[in-house]
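Following: one structure in structure tokens, then a few remarks.
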Amino acid sequence: MNELSEQQQTTLRLKLLEQETSLQNLLKENKDTSKPVQLDQQALGRVSRIDAIQQQKMAIANRTNQEFTLVQIMQALRKVQEDDYGYCQECNMPIPYKRLLIRPETNLCIQCQSAYENKT
Ligand SMILES: [Zn+2]
Numbered sequence: 096m097n098e099l100s101e102q103q104q105t106t107l108r109l110k111l112l113e114q115e116t117s118l119q120n121l122l123k124e125n126k127d128t129s130k131p132v133q134l135d136q137q138a139l140g141r142v143s144r145i146d147a148i149q150q151q152k153m154a155i156a157n158r159t160n161q162e163f164t165l166v167q168i169m170q171a172l173r174k175v176q177e178d179d180y181g182y183c184q185e186c187n188m189p190i191p192y193k194r195l196l197i198r199p200e201t202n203l204c205i206q207c208q209s210a211y212e213n214k215t
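To convert a position in the sequence shown, counted from 1, into this note's numbering, add 95.
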């Protein structure tokens, strides 16, 4: 077991469930963002056309991020059930509660996370 208290675990589990729901709703709402941008030459100048394309790129990147986070949340929730939640996937050390509060879906401790980010 992790050193998380029962209450801390409950708090984190509720956070995860909350995030799961809101992400699922977000993804449902944004279903059409990956459709091609309507390039209305009449209505849009060159600059706003570029804007529109950039906005769409951002929307797609956002969506990819959201989908990735959702997967992480679902994995975290499964770990909660298996009593295996709150450990770093890389080094197996317990992830501090303070970090989990900010990013309950994380599966890496800060050290491994920054090592990972430096690699990519
Ligand atoms: Zn680690």
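Glycine is no exception: its CB is placed at the ideal position from the N, C-alpha and C atoms.
What did DSSP end up calling residue i once you bin it into helix, strand or coil?
i, result
"Y211", "helix"
"Y192", "helix"
Please classify residue i as buried or exposed, where buried requires at least 16 neighbouring CB atoms within 10 angstroms.
i, result
"G181", "buried"
"P199", "buried"
"Q114", "buried"
"T201", "buried"
"I168", "buried"
"A156", "exposed"
"L226", "No answer is possible for residue 226: the residues shown for the chain start at 96 and end at 215."
"I145", "exposed"
"I190", "buried"
"L121", "exposed"
When you compare only the Cα positions, how much space is there between residue i and residue j?
i, j, result
"Q176", "E185", "20 Å"
"Q208", "Q150", "29 Å"
"N187", "C204", "9 Å"
"R141", "M153", "18 Å"
"L161", "N125", "Sequence inspection shows Gln at residue 161; the Leu mentioned does not correspond to that position. C-alpha separation (whole angstroms): 11 Å."
"T116", "K214", "32 Å"
"R158", "K174", "24 Å"
"L111", "E212", "23 Å"
"D179", "I148", "43 Å"
"Y192", "E98", "9 Å"
Pop quiz: residue i and residue j are said to be a contact at Cβ under 8 Å. What is the actual Cβ separation, rounded to whole angstroms?
i, j, result
"Q119", "L165", "7 Å"
How do the stretch 96–113 and the stretch 196–210 stand: do at least 3 beta-carbon pairs fall below 8 Å, yes or no? yes
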